[in-house]
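Reading through the structure tokens given below for one structure.
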Amino acid sequence: FDQLDGEIWFNGEFVAWKDAKIHVLTHGLHYASAVFEGERAYGGEVFKLRAHTERLIESGRILGFKVPYSADEIDTATNELLSRQGFSDAYVRPIAWRGSEMMGVSAQANRINVAIAIWQWPSYFDPEQKMKGIRLDLAEYRRPDPMTAPSKSKAAGLYMICTISKHAAEAKGYADALMLDWRGQVAEATGANVFFVKDGVIHTPKADCFLDGITRRTVIDLAKRRGFEVVERAIMPEELSDFSECFLTGTAAEVTPVSEIADWRFTPGTISKQLVDDYAAEVMPKRAAAE
Ligand code: PMP
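Residues 6 to 296 (UniProt numbering) make up the sequence shown, in order.
Spelled out as structure tokens, the structure:
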């Protein structure tokens, strides 16, 4: 990934992709003092860019640092990079991290660096498989108590258990893993939120110890606009057999139906399909329809 062509926005400048490097004694690498975002551009526009930029700044604040650029500056840099890269549909990855000036747990003086990379990443999950539903395993690790980790920050450190869980699931032939939280309640997948359907009603775990995804909120709004009831509540794994449909939501995953979670089975049905379509329509820039 470090050998692609193009440019990366790095601390206020556009640098050649291959030259966007950092030192091995970077604090963010050793102590996970890094926060990031995942965004998608559709038709030349980043969907909900400002919401993502605000979450990046807030994630840094939660980790105790100030992102040294304003939301306007980051949005402008993102849009300029998108046009310089020449992509209309693309994935956008901003990241902010503590630099290499001091070593050790304390690194008060370290520079906060910011970079933005944009590349073509068509779909997180194989598009052909999408409507068949993907298969998830149940993860061994659980989402931590908010008293144990800053769960509202999209912090790199929180992804340690996600990568372990996803790798373990992939080794068994699954696409991803469903994670429970520290109470044993259903939480989310390793990089996406989860929804279920029972008797025409949509159920999703309350986002009280994991990321309340921008896609999650968008899909809840779309579902309500369709007249569906959406219940945010504690969901226990024992209840999974009661649900007929299941789907994931996330910037990368978009709306992705799920056919299996360990021994539980689901059939991607009318509500999942409706929301896959509604989300696809929602992310397209509205100006396209007006032109
Ligand atoms: N949970 C986790 C752990 C994630 O990494 C993501 C992707 N950012 C989400 C949920 C979904 O968030 P969003 O819809 O804002 O992309």
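Each residue gets a CB set at the ideal place from its N, CA and C atoms; glycine is no exception.
Item	Value
Can you name the residues that DSSP bridges to C251?	F201
Does the beta-carbon of A258 have 16 or more other beta-carbons within 10 angstroms, so that it is buried, or is it exposed?	buried
State buried or exposed for M289, treating a residue as buried only when at least 16 other CB atoms are found within 10 Å of its CB.	exposed
Below 8 Å CB to CB, which residues in the same chain sit around I141 once its five sequence neighbours on both sides are set aside?	The sequence as given places Leu at residue 141; Ile does not occur at that position. Excluding positions up to five away in sequence, the list reads A174, Y179, A180, D181, A182, L183, A194, V263, E265, I266, A267.
Does Y47 come out as helix, strand or coil in the three-state DSSP assignment?	strand
Which residues share a DSSP beta bridge with M184?	E193
Use the C-beta contact count for Q90: other C-beta atoms within 10 angstroms, 16 or more gives buried, fewer gives exposed.	buried
From the DSSP output, in three-state form, read off E243 for me.	helix
Of the residues L280, E18, I100, which one's Cα is nearest the Cα of E44?	I100
Given 7 Å as the limit, tell me if R66 has its C-beta closer than that to any heavy atom belonging to the ligand PMP.	no
How should Q190 be labelled, buried or exposed, when 16 other C-beta atoms within 10 angstroms of its C-beta is the threshold for buried?	buried
State the Cα-Cα distance for the pair Y146 and S105, rounded to the nearest angstrom.	31 Å
In whole angstroms, give me the CA-to-CA distance for I27 and N118.	10 Å
With distance defined between alpha-carbon atoms, name the residue in K159, K203, T168, R148 nearest to G218.	K159
Starting from R60, trace the alpha helix (DSSP H) both ways and give me its first and last residue.	54 to 67
Which residues does DSSP list as the beta-bridge partners of N118?	W102
Please state the DSSP three-state secondary structure of R147.	coil
Using alpha carbons as the reference points, say which of R148, V40, F70, L68 lies closest to H57.	V40
Can you name the start and end residues of the alpha helix (DSSP H) that E237 belongs to?	Here E237 belongs to no alpha helix (DSSP H); instead the beta strand (DSSP E) covers 235 to 238.
Buried or exposed: which applies to E250, given that a residue is buried once 16 or more other Cβ atoms fall within 10 Å of its Cβ?	buried
Give the single residue among D204, S75, R116, R66 whose Cα lies nearest to the Cα of S156.	R66
Would you call the CB atoms of I98 and A122 closer than 8 Å?	Strictly speaking, residue 98 in this sequence is Arg, with Ile absent from that position. Result yes, Cβ atoms of R98 and A122 sit closer than 8 Å.
Which complete alpha helix (DSSP H) runs does the stretch 267 to 294 hold, if anything under 4 residues is left out?	275 to 288
Return the CA-CA distance between F70 and S38, expressed in angstroms with no decimal places.	9 Å
Might you give, ordered along the chain, the residues of its own chain that have their beta carbon closer than 8 Å to the beta carbon of T153, omitting 5 neighbours on each side?	W187
Can you tell me the Cα-Cα spacing of T261 and M107, whole angstroms?	43 Å
Can you list, in chain order, the residues of its chain with a C-beta nearer than 8 Å to that of P127? Leave out the 5 residues immediately preceding and following it.	D94
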